[in-house]
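Visitor: So for the sequence shown, the working numbering puts the first residue at 1104; every next one is plus one.
Note that beta-carbon positions come from the ideal geometry of N, C-alpha and C, so glycine has one too.
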Amino acid sequence: MLAIGLMSLVSMDGMSQKKNKVIAHRGAWKNTGATENSIGALEHAIKLGCYGSEFDVHMSADSVLYVLHDHSIQGTNIETTNSAELSKIKLANGESLPTLEAYLKAGSKQKKTRLILEIKTSKISKERSLALATKCVELVKKMKVEKITDYIAFSWDVCLKVKELAPKAHVEYLNGDKTPDEIQAAGLDGIDYHLSVLKRKEDYIPAMRQKKLTTNVWTVNDEADLKYFLEKDVDYITTNEPELLLSLSK
Ligand code: MG
1104 MLAIGLMSLV
1114 SMDGMSQKKN
1124 KVIAHRGAWK
1134 NTGATENSIG
1144 ALEHAIKLGC
1154 YGSEFDVHMS
1164 ADSVLYVLHD
1174 HSIQGTNIET
1184 TNSAELSKIK
1194 LANGESLPTL
1204 EAYLKAGSKQ
1214 KKTRLILEIK
1224 TSKISKERSL
1234 ALATKCVELV
1244 KKMKVEKITD
1254 YIAFSWDVCL
1264 KVKELAPKAH
1274 VEYLNGDKTP
1284 DEIQAAGLDG
1294 IDYHLSVLKR
1304 KEDYIPAMRQ
1314 KKLTTNVWTV
1324 NDEADLKYFL
1334 EKDVDYITTN
1344 EPELLLSLSK
């Protein structure tokens, strides 16, 4: 047991000690009472000791970045509303709608849980998606969290943009339609695909590993599915059930 423990310490990537495969989807909210994508949900994921905590980022009309999954909250569309209005919005748990700056500040107080930043695709234009990507990379640098932040996006162009701006960043593509060869040729670092894609394309996990690229799978919540992907030895599992996955991983 001691030998195995030492081996896993030696194999850590220098930035973060990889103790488990658990990425809390929108933070740890389902079993904690925290609202998804709230700073409280991030703090619960950190407390649990998850490898990573995922969250979604949009840009307001006046180019301020906010953490939220949907494009709208309480009938207010993020992309077409200014920050002066958005800053008045309260989440169900009483927190203000978090800016990315406040969110990264909360995450920066620790190093063991990685911040898995999803850049959402603009519904207005590709230019806006790319502007959001640029602003995310700039803010991550400003907040000094580059070493604990990874990026994911459905937009292929956004993934390429992040890689261009931050060549050392770990960037995974979400949309499921690129092969391991295409990911490698583009210089990206991994795939983060829906569980149905990775069940259909059983060869992707070993193919990515052979290329020294990573595979993450979303969003796996059923115990049988969690066990299936643990068995396949996927690198990361994104889940609404981080507590269950942590207990299955032991
Ligand atoms: Mg997301």
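(1) Could you give the residue range of the alpha helix (DSSP H) that holds Glu-1334?
(2) Decide yes or no for the touch test of the stretch 1142-1162 against the stretch 1235-1248: beta carbon pairs closer than 8 Å, at least 3 of them.
(3) Nearest to Glu-1344 by alpha carbon, out of Glu-1157, Gly-1279, Lys-1122?
(4) Buried or exposed: which applies to Asn-1134, given that a residue is buried once 16 or more other Cβ atoms fall within 10 Å of its Cβ?
(5) Given this structure, state the Cα-to-Cα distance separating Glu-1198 from Lys-1191, to the nearest angstrom.
(6) What distance in whole Å lies between the Cβ atoms of Ile-1286 and Leu-1316, which are believed to be in contact at a cut-off of 8 Å?
(7) Can you give me the C-alpha to C-alpha distance between Lys-1215 and Ile-1149, rounded to a whole angstrom?
(8) Below 8 Å between beta carbons: does that hold for Gly-1290 and Lys-1266?
(9) Spell out the partners DSSP gives Asn-1134 in its beta bridges.
(10) Between His-1174 and Asn-1180, which are expected to be in contact by the criterion C-beta below 8 Å, what is the C-beta distance as a whole number of angstroms?
(11) Ile-1176: buried (16+ other C-beta within 10 angstroms of its C-beta) or exposed?
(12) Could you give the DSSP three-state label for Met-1246: helix, strand or coil?
(13) Which first and last residues belong to the beta strand (DSSP E) in which Asp-1253 is found?
(14) Going by Cα to Cα distance, which pick from Lys-1353, Leu-1349, Val-1320 is closest to Tyr-1339?
(15) Does DSSP classify Thr-1322 as helix, strand or coil?
(16) Here's the rule: buried if 16 or more other CB atoms are within 10 angstroms of the residue's CB, otherwise exposed. What is Asp-1260?
(17) Specify the secondary structure class of His-1273 as computed by DSSP and reduced to three states.
(18) Could you check if Glu-1139 is buried or exposed, using at least 16 other CB atoms within 10 Å of its CB as the buried criterion?
(19) For Asp-1116, which three-state DSSP category applies?
(20) So, for Gly-1279: in the same chain, excluding its five sequence neighbours on each side, which residues have a beta-carbon less than 6 Å away from its beta-carbon?
(21) So who's on the other strand from Thr-1179, going by DSSP bridges?
(22) Roughly how many whole angstroms lie between the Cα atoms of Thr-1252 and Val-1274?
(23) Just the C-alpha distance for Leu-1348 and Ala-1144, rounded to the nearest angstrom, thanks.
(24) Out of Ala-1209, Lys-1314, Thr-1183, Ser-1141, state which residue places its alpha-carbon closest to the alpha-carbon of Ala-1288.
Guide: In this structure, then:
(1) 1326-1334
(2) At 8 Å Cβ cutoff, the stretches touch.
(3) Glu-1157
(4) Asn-1134 should be labelled exposed.
(5) 10 Å
(6) With 8 Å as the limit, Leu-1316 and Ile-1286 qualify as a contact, their Cβ atoms being about 6 Å apart.
(7) 8 Å
(8) yes
(9) None; Asn-1134 has no bridge partner.
(10) 6 Å
(11) buried
(12) Coil at Met-1246, not helix or strand.
(13) Here the beta strand (DSSP E) through Asp-1253 covers 1252-1256.
(14) Val-1320
(15) coil
(16) exposed
(17) strand
(18) buried
(19) Any answer about Asp-1116 is weak, because its pLDDT of 44 lies below 50 and its placement is not dependable; what the coordinates show is given next. Assigned with DSSP and collapsed to three states, Asp-1116 falls in coil, not helix or strand.
(20) Tyr-1296, His-1297, Val-1300
(21) Ile-1176
(22) Between the C-alpha atoms of Thr-1252 and Val-1274 there is a straight-line separation of about 10 Å.
(23) 17 Å
(24) Lys-1314
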